[in-house]
Structure formats: C-alpha cells, structure tokens
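A.B. asks: In the numbering used here, the protein residues as written are 76 to 149.
From the three backbone atoms N, C-alpha and C, an ideal C-beta is built for every residue, glycine too.
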C-alpha cells in the first residue's frame, strides 16, 4: 500500500511539470503568428503531444513565431 502511494507520488511529480509546460507551449503558440495557419496548426499539434511536444516546441518552434499584439485583436 505504501509502495503504491510512493509510485503515485513519483508519477505526479513527473507529470505536473510536463502538464504546465504543455499548457504554456499551447498558449504561447496561440498567441504567435507563424506566417500561415498551417504552420501554426502544426506547432499547436506538436506542443499538445504529451511529454515530448512541449520541449520540441520550446527548442525548435518558440523563436519561429512572432508575438501578435493582443490589444489589436479585439
């Protein structure tokens, strides 16, 4: 019983940072202009892949997009 709780704790400690990285990557992707909607969709899909997508996005896609002015959207 105690061993199972330790396992759950380890899984949660590993999963929570990846969850927040994934959310951050998706939000960042939504706020950027990648030139075409296809490129934006591709980076959004990559960012949404659990555990590997957000690191790939931050390594390769983070600097490709340009921040859009959010005040001019509305």
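Note the first and the last residue of the continuous alpha helix (DSSP H) segment covering residue 103.
C.D. replies: Looking at the DSSP string, the run of the alpha helix (DSSP H) that includes residue 103 is 77-106.
A.B. asks: For residue 141, which residues does DSSP report across the bridge?
C.D. replies: Bridge partners of residue 141: 108.
A.B. asks: Name the two residues that bound the continuous alpha helix (DSSP H) containing residue 125.
C.D. replies: Element bounds for residue 125: n/a, residue is neither H nor E.
A.B. asks: When the Cα of residue 117 is compared with those of 106, 127, 126, 132, which residue comes out closest?
C.D. replies: Ranking the options by Cα distance to residue 117, first place goes to 132.
A.B. asks: I'd like to check one pair, residue 136 with residue 121: are the Cβ atoms closer than 9 Å?
C.D. replies: For residue 121 and residue 136, yes; Cβs fall inside 9 Å.
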